[in-house]
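**Q** Per the numbering used here, residue 40 is the first one in the sequence shown, and the count goes up by one each step.
Glycine included, C-beta positions come from ideal geometry on N, C-alpha and C.
Pasting a structure here, questions to come.
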Amino acid sequence: MLGCRVLDLSDHRGQMAGALLADLGADVILVEPPGGSAARAVGPFVAGREGDPEASLWFWSYNRGKRSVALDLDDPGDQQRLRDLAASADVLIESDAPGAMAARGLGPSDLAEVNPGLVYTSVTAFGQSGPKADWAATDLIVSAASMLSNVVGDEDRPPLRIPLDQCFLHASAEAAVASLIALRERKRSGLGQHVDVSAQQAVTQATQSATLCHLYNSPELLRMSGGARLGPFRVRLRSPASDGYVSATILFGESIGPFGARLFEWMHSEGGCADSDLEIDWINFVEGVITGRIPPTEYERIQQVAADFTATRTKAELLEVALDKRLLIVPITTVADVVEAPQYAERNFWRDIPTGGLDSVRYPGPCARFSAAPLDISTPPPTVGQHTDEVLAEVGAQVSVATSEGLVAAAAAGHRDPALPLADVKILDFMWVMAGPGSTRELADWGATVVRVESTHKVEAARTIQPFLNDEAGAENGGLYQNMNASKLGITIDISKPESRDLILDLVRWADVVTESFSPHALADLNLAYDDLRAVKPDIIMASSCLFGQSGPLSSLAGFGTMGASMSGFYEMTGWPDRAPAGVFGAYTDYVSPKFLSAALLAALDHRDRTGEGQYIDLSQAESSMTFLAPAVLDYDVNAHLPDKMGNDHPAMSPHGVFASAGDDRWIAVACENDDQWAGLCSVIGAGDMAGLGVEERRERAAEIADRITAWTSERDNVEAHVELQAAGVPAHAVANSEVMTNDPQLAHRNHFRNVPHGTNGTMWVEGARFAMSRSSDGIDHAGPTYGEHTFVVLEQLLGYDQDQISELAVAGVLE
40 MLGCRVLDLS DHRGQMAGAL LADLGADVIL VEPPGGSAAR AVGPFVAGRE GDPEASLWFW
100 SYNRGKRSVA LDLDDPGDQQ RLRDLAASAD VLIESDAPGA MAARGLGPSD LAEVNPGLVY
160 TSVTAFGQSG PKADWAATDL IVSAASMLSN VVGDEDRPPL RIPLDQCFLH ASAEAAVASL
220 IALRERKRSG LGQHVDVSAQ QAVTQATQSA TLCHLYNSPE LLRMSGGARL GPFRVRLRSP
280 ASDGYVSATI LFGESIGPFG ARLFEWMHSE GGCADSDLEI DWINFVEGVI TGRIPPTEYE
340 RIQQVAADFT ATRTKAELLE VALDKRLLIV PITTVADVVE APQYAERNFW RDIPTGGLDS
400 VRYPGPCARF SAAPLDISTP PPTVGQHTDE VLAEVGAQVS VATSEGLVAA AAAGHRDPAL
460 PLADVKILDF MWVMAGPGST RELADWGATV VRVESTHKVE AARTIQPFLN DEAGAENGGL
520 YQNMNASKLG ITIDISKPES RDLILDLVRW ADVVTESFSP HALADLNLAY DDLRAVKPDI
580 IMASSCLFGQ SGPLSSLAGF GTMGASMSGF YEMTGWPDRA PAGVFGAYTD YVSPKFLSAA
640 LLAALDHRDR TGEGQYIDLS QAESSMTFLA PAVLDYDVNA HLPDKMGNDH PAMSPHGVFA
700 SAGDDRWIAV ACENDDQWAG LCSVIGAGDM AGLGVEERRE RAAEIADRIT AWTSERDNVE
760 AHVELQAAGV PAHAVANSEV MTNDPQLAHR NHFRNVPHGT NGTMWVEGAR FAMSRSSDGI
820 DHAGPTYGEH TFVVLEQLLG YDQDQISELA VAGVLE
């Protein structure tokens with residue numbers, strides 16, 4: 040589908056970006072050293088072939104569909120060959136240390152001389168500039184720096200990281216989206232630019248806007264095994280079943296409360312709760328606790344009643360009833376459960392591809408289903424240098440994203456500044472909560488005009504989720520809503536009213552893209568399915584995003600990202616070996632899938648520009664997030680091995696952990712990738728007698744080493760400690776909470792937190808863009824819209840309605 044050529048010079052910190060672009064149809068050329076990419080040394084491996092560069096399941100996971108060219112970028116001859124390749128490329132992706140490529144004469148400005156249209160994308164831990172740009176970092180360090188670790192784990196133990204080195208996968212997905220945005224800008228300007236992706240900023244998305252707590256004067260979100268602590272509430276997202284664990288979401292408010300009411304009605308019919316439990320105030324419970332009308336202990340009692348009941352049923356029994364009665368209960372699954380689930384088989388999700396001498400290896404399938412341009416995922420990962428001669432013979436053959444006439448005029452006619460990269464893109468957004476709005480928020484950041492449709496008759500759940508401004512609940516005070524909807528236009532439409540249909544179809548005629556995250560087929564019941572929309576706008580692009588997609592036995596499962604996270608396989612592997620799984624924080628698939636939806640929409644727009652053809656996109660949040668689980672899926676398929684709960688241990692690094700520092704619940708993450716870093720750590724903490732230990736000896740004496748590190752860190756402030764350790768070349772970072780994030784000089788340098796205008800509160804804080812561009816600036820200019828804030832802007836300026844038309848809609852109750 041994509042008509043572009045990508046040079047992928049990255050390693051395990053960036054290769055997923057190229058894999059996503061390859062899945063979307065780009066010609067991706069992996070440029071790796073003659074001995075093979077560093078990613079080929081990352082496990083797991085095919086059993087019995089540990090260390091074999093052609094048997095890394097990690098490498099296989101993120102390099103299918105690519106061609107491999109072997110070049111030594113420190114050799115002048117190969118440097119020139121890369122320049123020759125860059126002359127015919129559209130995108131280059133690299134993950135080296137800041138300045139390393141420029142030192143070889145291969146930096147962004149160097150390659151711009153041979154190809155002014157080249158989009159040069161760099162993925163690093165903290166970005167290309169700023170006080171931490173040169174800091175040593177691993178996945179553990181980025182997890183700590185981004186605040187993700189602070190909200191994962193057991194409250195009586197150190198914070199945890201999520202296994203499978205998730206942080207650079209977040210950054211890689213961000214790099215793919217950023218590259219596509221820069222390519223779209225190039226269609227107007229003719230110029231490429233340097234895209235600078237910070238993994239720290241990319242991962243903050245996975246905190247569900249808890250990074251804003253301090254700025255909102257709201258209590259810190261605190262970790263809890265199997266849930267989270269929010270002010271006076273201990274939210275359980277893990278409950279026992281008779282054969283394992285389930286996730287039962289028991290929350291309150293207009294959007295989520297009715298699910299709890301239905302759960303207790305069913306429990307009561309089964310003798311599982313008292314008559315009085317049918318009187319629980321599921322809508323106003325939080326307000327009742329805050330005002331003192333309801334004791335804080337009542338929430339814990341309600342959750343315990345539910346847990347006592349779920350413990351009497353199997354996971355399968357509970358899921359069956361959840362599907363039948365629309366309850367928020369799903370099993371906590373293993374990777375084996377995921378691979379063997381009928382849902383994915385019925386949707387033909389898996390791809391069996393011969394790889395590395397094996398007849399068939401099962402890979403996760405496409406990130407989304409496209410009606411007009413289905414994704415071809417059938418090419419195995421390359422061997423080292425497999426395509427060197429073939430690709431070098433193609434030097435000079437230009438394969439580039441086609442320019443589209445009319446984009447300049449379209450941008451100038453849009454609502455946003457025409458200089459913004461996506462100023463020509465118009466989106467009608469029916470998404471809600473996070474997985475959908477997070478995607479359209481990113482496109483709005485870079486100039487898309489996004490019209491966000493809500494109704495006052497059905498409160499958007501994100502408006503009811505902490506953090507709240509000054510810890511006061513209210514529809515306009517929720518940080519998650521503000522953060523997911525910044526820079527969008529807001530209009531209220533009661534789509535249940537028949538009179539609303541003509542208005543919606545006029546908005547469809549205006550739009551390039553329509554996005555929705557209702558339950559499958561909900562819009563079809565209103566005669567607003569894709570076929571209805573393309574009848575009035577033949578080239579419209581429509582995307583549906585829900586937990587499990589539009590088909591399959593789980594497609595009707597109502598729910599939120601907490602359930603997707605529980606059924607994804609991530610939850611079970613995150614925890615301590617001697618305890619129940621602590622689980623990933625909150626709605627993890629809601630933090631992963633938006634990046635894939637953004638990429639899918641941009642690819643569909645590129646396809647439409649070149650062919651005139653719109654299409655329908657069916658994105659399953661669970662399926663798209665499976666990309667982040669790929670090495671574990673391959674490990675199970677190839678080796679019949681399931682990931683173990685490892686706490687903060689790492690299969691290749693030692694020491695690798697989170698250690699107590701001075702203060703209450705204050706921690707610092709420390710990792711050593713090699714002997715030099717270990718020697719640096721020993722010199723700082725006064726453990727010179729241990730400096731000569733190799734990695735295997737360090738593993739054997741891990742407990743003793745942890746005690747030595749803790750003896751030093753526990754006497755020091757974690758921020759002061761990480762500065763001292765980094766000065767010695769040791770990967771380290773304080774485990775950040777929202778206060779540490781607010782005061783982080785790197786995030787200040789990157790302008791991560793933005794205080795922007797708000798319709799009723801004057802200004803509100805939101806997070807900024809998660810990458811920077813050398814020529815283009817983002818367009819984050821206001822917080823999330825208040826109810827109907829831009830109704831007249833949309834109706835009058837975008838649609839050209841007159842006062843009589845608007846009055847008729849108001850009288851009919853449509854604009855509510």
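Starting from ASP533, trace the alpha helix (DSSP H) both ways and give me its first and last residue.
**A** Counting from one through the sequence shown, the residue named residue 533 turns up at place 494. That residue, ASP533, is in no alpha helix (DSSP H); it is neither H nor E in DSSP.
**Q** Quick check on DSSP: helix, strand or coil for SER36?
**A** Because the chain is modelled from 40 through 855, residue 36 falls outside the range shown and cannot be assessed.
**Q** Measuring straight from C-alpha to C-alpha, what distance separates ALA56 and GLU213?
**A** Here residue 56 refers to the residue found at position 17 of the sequence shown. Here residue 213 refers to the residue found at position 174 of the sequence shown. Cα-Cα distance, rounded: 8 Å.
**Q** Counting pairs of Cβ atoms below 8 Å between the segment 626-638 and the segment 475-484, do you hit three or more?
**A** Contact between the segment 626-638 and the segment 475-484 is present, because at least three Cβ pairs lie under 8 Å.
**Q** Could you check the C-alpha separation between GLN716 and ALA474 for me, to the nearest Å?
**A** Residue numbering aside, residue 716 sits at position 677 when the sequence shown is read from its first letter. Residue numbering aside, residue 474 sits at position 435 when the sequence shown is read from its first letter. Between GLN716 and ALA474, the C-alpha separation is close to 39 Å.
**Q** Residues in its own chain within less than 6 Å of MET606 by CB, not counting five upstream and five downstream?
**A** The residue you call residue 606 lines up with position 567 of the sequence shown. Excluding sequence neighbours, MET606 sits near VAL369 and THR372.
**Q** Would you list the residues sitting across from PRO370 in a DSSP beta bridge?
**A** Reading the sequence shown from its first residue, position 331 is the one you call residue 370. Its beta-bridge partners are VAL285.
**Q** For a minimum of 4 consecutive residues, which ranges assigned as the alpha helix (DSSP H) are wholly contained in the segment 614-662?
**A** Listed in chain order, the complete alpha helix (DSSP H) runs (minimum 4 residues) inside the segment 614-662 are 627-650.
**Q** In the DSSP assignment, what are the bridge partners of SER556?
**A** Numbered from its first residue, the sequence shown carries residue 556 at position 517. SER556 pairs with nothing; no bridge assigned.
**Q** Would ASN776 pass as a contact of HIS253 if the rule is Cβ separation under 9 Å?
**A** Locating residue 776 in the sequence shown gives position 737, counting from the first residue. Locating residue 253 in the sequence shown gives position 214, counting from the first residue. Their beta carbons are under 9 Å apart, which means ASN776 touches HIS253 by this criterion.
**Q** What's the gap between the Cα of GLU337 and the Cα of ASN323?
**A** Translated into the one-based positions of the sequence shown, residue 337 becomes position 298. Translated into the one-based positions of the sequence shown, residue 323 becomes position 284. Roughly 13 Å separates the two Cα atoms.
**Q** I'd like to know whether the C-beta atoms of ALA699 and SER753 end up nearer to each other than 9 Å.
**A** For this step, residue 699 is matched to residue 660 along the sequence shown. For this step, residue 753 is matched to residue 714 along the sequence shown. Yes; because the gap between Cβ atoms is below 9 Å, this pair is in contact.
**Q** For the structure I just gave you, are there three or more beta carbon pairs, one from the segment 539-555 and one from the segment 509-523, closer than 8 Å?
**A** Contact fails: fewer than three Cβ-Cβ distances are below 8 Å.
**Q** Are the beta-carbon atoms belonging to ASP541 and HIS496 less than 9 Å from one another?
**A** As a first step, residue 541 must be located in the sequence shown, where it is residue number 502. As a first step, residue 496 must be located in the sequence shown, where it is residue number 457. Contact: no.
**Q** What is the DSSP secondary structure of MET581, reduced to helix, strand or coil?
**A** For this step, residue 581 is matched to residue 542 along the sequence shown. The answer is strand: DSSP assigns MET581 an E or B state.
**Q** Under 9 Å between the Cβ atoms of SER211 and SER49?
**A** In the sequence shown, counting from the first residue as 1, residue 211 sits at position 172. In the sequence shown, counting from the first residue as 1, residue 49 sits at position 10. A contact, by the Cβ cut-off of 9 Å.
**Q** When burial is assigned at 16 or more other CB atoms within 10 Å of the CB, is HIS560 buried or exposed?
**A** As a working mapping, residue 560 is identified with position 521 in the sequence shown. Exposed.
**Q** Does the structure place the segment 802-812 close enough to the segment 217-236 that three or more beta carbon pairs sit under 8 Å?
**A** Yes, since at least three Cβ pairs between the segment 217-236 and the segment 802-812 fall closer than 8 Å, the two stretches touch.
**Q** Counting C-beta neighbours from all protein chains within 10 Å, is the total for THR442 16 or more, i.e. buried, or is it exposed?
**A** Numbered from its first residue, the sequence shown carries residue 442 at position 403. With a pLDDT of only 47 at THR442, under the threshold of 50, the placement of this residue in the model should not be trusted, and no figure is reported.
**Q** Tell me whether the segment 615-634 and the segment 559-577 touch, counting them as touching only if at least three CB pairs, one residue from each stretch, are closer than 8 Å.
**A** Cβ pair count under 8 Å is below three, so no.
**Q** In chain order, what are the residue ranges of uninterrupted beta strand (DSSP E) at least 3 long that sit wholly in the segment 208-291?
**A** The segment 208-291 contains these whole beta strand (DSSP E) runs: 233-237, 260-263, 266-269, 272-275, 278-280 and 283-287.
**Q** Can you tell me the Cα-Cα spacing of THR531 and HIS821, whole angstroms?
**A** To locate residue 531, count along the sequence shown from 1; it is residue 492. To locate residue 821, count along the sequence shown from 1; it is residue 782. Approximately 18 Å, taken between the alpha carbons.
**Q** Pull up the CB-CB distance for LEU764 and VAL723, whole angstroms please, since I reckon it's below 8 Å.
**A** On the sequence shown, residue 764 is found 725 positions in, with the first residue counted as 1. On the sequence shown, residue 723 is found 684 positions in, with the first residue counted as 1. Contact holds; Cβ gap of about 6 Å.
**Q** With DSSP as the reference, identify every bridge partner of PHE298, one or two as the case may be.
**A** What you label residue 298 is simply residue 259 of the sequence shown in a count that begins at 1. Per DSSP, none; premise fails for PHE298.
**Q** Pop quiz: PRO198 and VAL774 are said to be a contact at Cβ under 8 Å. What is the actual Cβ separation, rounded to whole angstroms?
**A** For the purposes of this step, residue 198 is taken as the residue at position 159 of the sequence shown. For the purposes of this step, residue 774 is taken as the residue at position 735 of the sequence shown. Between VAL774 and PRO198 the Cβ distance is about 5 Å, and since that is below 8 Å, they are a contact.
**Q** ALA172: which of LEU230, SER584 and GLN240 sits nearest, CA to CA?
**A** For this step, residue 172 is matched to residue 133 along the sequence shown. Comparing Cα-Cα distances from ALA172 to each of LEU230, SER584 and GLN240, the minimum goes to GLN240.
**Q** Where do the N-terminal and C-terminal ends of the beta strand (DSSP E) with SER722 fall, by residue?
**A** As a position in the sequence shown, residue 722 is number 683, starting the count at 1. SER722 -> not in any beta strand (DSSP E); alpha helix (DSSP H) instead, spanning 714-724.
**Q** Can the beta-carbon of GLY591 be found less than 9 Å from the beta-carbon of GLU385?
**A** For the purposes of this step, residue 591 is taken as the residue at position 552 of the sequence shown. For the purposes of this step, residue 385 is taken as the residue at position 346 of the sequence shown. It is a contact, given that the beta carbons lie within the stated cut-off.
**Q** With H, G and I counted as helix, E and B as strand and the rest as coil, what does DSSP make of ASP50?
**A** For this step, residue 50 is matched to residue 11 along the sequence shown. In this structure, ASP50 counts as coil in the three-state DSSP scheme.
**Q** What is the rounded straight-line gap between the Cα of LEU644 and the Cα of GLY653?
**A** Here residue 644 corresponds to residue number 605 of the sequence shown, with the count starting at 1. Here residue 653 corresponds to residue number 614 of the sequence shown, with the count starting at 1. Cα to Cα, LEU644 sits roughly 8 Å from GLY653.
**Q** Go ahead and pull the three-state DSSP assignment for GLU379.
**A** Indexing the sequence shown from 1 puts residue 379 at position 340. Helix, per DSSP.
**Q** State the Cα-Cα distance for the pair ASP47 and SER134, rounded to the nearest angstrom.
**A** The residue labelled residue 47 in the question sits at position 8 within the sequence shown. The residue labelled residue 134 in the question sits at position 95 within the sequence shown. Distance between the alpha carbons of ASP47 and SER134 is about 9 Å.
**Q** Ignoring anything shorter than 4 residues, give me the alpha helix (DSSP H) runs that lie fully in the segment 298-372, in order along the chain.
**A** Within the segment 298-372, the complete alpha helix (DSSP H) runs of at least 4 residues are 324-330, 336-349 and 354-364.
**Q** Run through the DSSP bridge pairs and tell me what MET812 is partnered with.
**A** Looking up residue 812 in the sequence shown gives position 773. MET812 is bridged to VAL234.
**Q** What does a CB cutoff of less than 8 Å around SER556 pick up in its chain, not counting 5 residues either side in sequence?
**A** Along the sequence shown, one-based indexing puts residue 556 at 517. PHE469, MET470, TRP471, VAL472, ALA474, GLY475, SER583, SER584 and CYS585, listed in sequence order.
**Q** Based on the DSSP output, what are the partners of ASP391 in its beta bridges?
**A** For the purposes of this step, residue 391 is taken as residue 352 along the sequence shown, with counting starting at 1. The partner list for ASP391 (beta bridge, DSSP) reads ARG401.
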